[in-house]
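Asks:
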Amino acid sequence: MTATTVILTGCTGQAERGGGDSATPRAGGTLTFATDSDPGCLDPHQSPAAAALLTGRGVVDSLVAQDPKTGDVVPWLAESWTTDERATTYTFKLRGDATFSDGSPVDAAAVKANFDRIVAPTTKSLLAAGFLAGYTGTTVTADRTLEVRFGQPNAGFLQAATTAFLGIQSPGSFAAGPPASCRKIVGSGPFTVTEYIPQQRVTLARRAGYRWAPRTAAHQGDAFLEKVVLSIAPDNGVRSGSLRSGQVEAVGNVTPRDAVALEKAGFDVQRREQAGIAYSLFVNSAKEPWTDARLRQAVAKAIDSAEVVKTLYQDKYARATSVLTPTTPGYRASETSTSVAEATGLLDAAGWQAGSDGIRSKDGKRLSLRWTYVSPAREQRDLLAQLVQQQLRKVGVEVLLDPAPAGDVIRRQTSGDWQLNDISFLRADADVLRTVLQSSAGGRPPMVPDSALAAALAEGAGTLEPDVRKASYARAQQRIAEEALAIPIYNPTYLMGTSDRVRAATFDAQGLPQFYDTWLDR
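Encoded structure:
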């Protein structure tokens, strides 16, 4: 899970280009959308990347949907559902008219095949399997009725089922194996994948006969756009320049600096503050010498997130005040104040003394952190890393910058072979802390192996009582802050620039652009 990994809620307001326009939506046309990251793998069952969700959400439907405005869970492929008191059995009744684009029905057997596939070791799921923690199986009780069972309470499952990570794909597409699904996914959504050229583009085509959008959509029936071309352009300047020149109609993941310039040039830039895990730094508490909480606390106090937000992001992003963002249900402020003096005192007390070059050492070992992060990446990640490096050097901590391709970073993270790590993850439930920070899906070590944190998160996952969940997640956030298990920097915010041709360019409940309701004027 990298800083380009994602998911979210719908508690903040969302701008909509032409939202007050009375013009009737028109069908047809191709929307070319410039995005920053290549998906690598299109299959959200396998991939944890936001780029996979950007493609997958238009292709793969889910059992239920989440209202972007209220956060409520509403019917989609499932027309109704019930949950037992312990949150261990979920019973769904499916609608009867949905089909996959290959013509096969979306029935109970198909849903079972999807969930069984996600948890299968051969799928090598990097995230979705964590959403199904404790899964013991699915029972098909009728053609359109199924029971999803867990051996332990999983109160976050229903919200997780709204995401494309647990989206329902055609079982017929599984026969070719997981690698084939990375190149093409087959769902029941309003678009189909017609082309994927890595590092260049993904092309989606409108599917005829789509009639089962959730009620959160602005219309029913076929998508308006004939095609959506996701043009992959990692360079921030190239993406913004392509919008200015008219080569594309919309651009995603606009940097704060480019957003200011685009607004001055008359382009619309929509801002969506997302929910889930704030962009945060993590020191590997399982590796020496960072098992000593004093060292982690010193790092947390030495990093000035306010300076980072102001210097690099022109205050377009809000400074994080917890490991969860304020729009996440269960959020509670638990920030750590910045203090170079306190950081220095903690390091002194732990016995680490400054050398001639200012870097501290103990027993002949330098106090170093190797930071392997995704590059190239959006949001000036290299500059952020350099600024954090400078801040930590002031207290005698050496940061060794190790930029690498996304695949290499993910492999290091999932194997536990890392010292300093940065992630953000979007999801509209505080259970995101458990599934991301403590998941051991696929045999990987948990990112944050802390027993007190695990107990608080298990309590939250084990009850449907809102007050109990809120209290448990408050304890979890407090534990993370006190032990410096995460160092929050800013709240992830999606900035999308559009030309004046684009109408109804909105965000889905995951905080990513959705293309089903979008249409082109003129």
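Letter by letter, the sequence shown follows residues -12 to 509 in this note's numbering.
Every residue gets a Cβ at the ideal spot worked out from N, C-alpha and C, and that includes glycine.
Roughly how many angstroms lie between the CA atoms of G484 and D71, to the nearest whole one?
Replies: Rounded to the nearest angstrom, the two C-alpha atoms are 44 Å apart.
Asks: Return helix, strand or coil for K214, following the three-state DSSP convention.
Replies: K214: strand per DSSP, three-state reduction.
Asks: What do you reckon, are the CB atoms on L379 and A307 nearer than 8 Å?
Replies: Not a contact, by the Cβ cut-off of 8 Å.
Asks: Using the beta-carbon count (16 or more within 10 Å), is D454 buried or exposed?
Replies: Flag for D454 reads exposed.
Asks: Count the other C-beta atoms from every protein chain shown that fall within 10 angstroms of the C-beta of K297, then say buried if there are 16 or more, exposed otherwise.
Replies: Classification of K297: exposed, given that the 10 Å Cβ count is below 16.
Asks: So, helix, strand or coil for Q264, using DSSP?
Replies: Position check: residue 264 holds Ile in this sequence, whereas Gln was assumed. Of the three classes helix, strand and coil, the one that applies to I264 here is strand, per DSSP.
Asks: Would you decide whether E182 is buried or exposed? Buried here means 16 or more other CB atoms lie within 10 Å of its CB.
Replies: Classification for E182: exposed.
Asks: Pick helix, strand or coil for T422, following the three-state DSSP scheme.
Replies: T422 falls in the helix class under three-state DSSP.
Asks: Apart from the five residues just before and just after G345, which ones in its own chain have a Cβ nearer than 8 Å to its Cβ?
Replies: Answer for G345: R380, G383, listed in chain order.
Asks: Jot down the residue ranges of each uninterrupted beta strand (DSSP E) in the segment 39 to 109, minimum 3 residues, whole runs only, in chain order.
Replies: Counting whole runs of 3 or more residues, the segment 39 to 109 contains the beta strand (DSSP E) stretches 51 to 53, 60 to 62, 65 to 70, 76 to 81.
Asks: Cutting at 7 Å between CB atoms, please list the residues of its own chain near I474, excluding the five before and the five after it.
Replies: Taken in chain order, the residues that qualify are S267, L268, V286, A287, I290.
Asks: Compute the Euclidean distance between the alpha carbons of R281 and F412, then round it to the nearest angstrom.
Replies: Computed Cα separation, rounded: 26 Å.
Asks: Any idea which residues DSSP pairs Q501 with across the strands?
Replies: BP columns for Q501 point to T493.
Asks: So is S9 buried or exposed if we call it buried at 16+ other beta carbons inside 10 Å?
Replies: Residue placement at S9 cannot be trusted, given a pLDDT of 46 that sits under 50; what the coordinates show is reported in the next sentence. The residue in question, S9, is exposed, as its Cβ has fewer than 16 Cβ neighbours within 10 Å.
Asks: Identify the continuous beta strand (DSSP E) that holds N408 and give its terminal residues.
Replies: Here the beta strand (DSSP E) through N408 covers 407 to 413.
Asks: Pick helix, strand or coil for R281, following the three-state DSSP scheme.
Replies: Here R281 sits in helix by DSSP.
Asks: Pair every Cβ in the segment 492 to 509 with every Cβ in the segment 12 to 28, then say whether three or more of these pairs are closer than 8 Å.
Replies: Result yes; three or more Cβ-Cβ pairs closer than 8 Å.
Asks: Could you tell me which of A491, L499, G498 sits nearest to F211, measuring between CA atoms?
Replies: Of A491, L499, G498, the residue nearest in Cα terms is A491.
Asks: P35: buried (16+ other C-beta within 10 angstroms of its C-beta) or exposed?
Replies: It counts as buried.
Asks: Who are the Cβ neighbours of A97 in its own chain at under 6 Å, not counting the five residues just before and after it?
Replies: Here the set comprises P158.
Asks: At a cut of 8 Å, does the segment 33 to 51 reach the segment 145 to 157 through at least three beta carbon pairs?
Replies: The segment 33 to 51, when compared against the segment 145 to 157, does touch it at the 8 Å Cβ threshold.
Asks: Give the single residue among V215, V93, R414 whose Cα lies nearest to the Cα of A265.
Replies: Minimum Cα distance to A265 is reached at R414.
Asks: Can you list, in chain order, the residues of its chain whose CB lies under 7 Å from that of A448, leaving out five sequence neighbours each side?
Replies: If we look at A448 and ignore the five residues flanking it on each side, its Cβ neighbours are P140, N141, A142, G143, D418, R421.
Asks: Evaluate the contact criterion for the segment 72 to 88 versus the segment 128 to 138: three or more CB pairs, one atom per stretch, below 8 Å.
Replies: In short, these stretches touch, since the Cβ pair count reaches three.
Asks: With distances taken from CA atoms, which of V295, D495, T22 is nearest E510?
Replies: The chain is shown only over -12 to 509; residue 510 falls outside these bounds and no answer can be derived.
Asks: When burial is assigned at 16 or more other CB atoms within 10 Å of the CB, is T278 buried or exposed?
Replies: So T278 ends up on the exposed side.
Asks: Check whether the Cβ atoms of G27 and A393 sit closer than 8 Å, and answer yes or no.
Replies: Cβ distance < 8 Å, so G27 and A393 count as in contact.
Asks: So, is T(-11) buried or exposed, given that buried needs 16 or more other C-beta atoms within 10 angstroms?
Replies: At T(-11) the pLDDT is 39, less than 50, meaning the model places this residue with poor confidence; the figure from the coordinates comes in the next sentence. It is buried - the Cβ of T(-11) has at least 16 other Cβ atoms within 10 Å.
Asks: Output the distance between the C-alpha atoms of A107 and H32, rounded to the nearest integer angstrom.
Replies: So the two alpha carbons sit approximately 11 Å from each other.
Asks: Comparing C-alpha positions only, which one of T78, A262, T110, D209 sits nearest to Y95?
Replies: According to the sequence provided, residue 95 is Ala. The question's Tyr does not apply to it. It is T78 whose Cα lies nearest to the Cα of A95.
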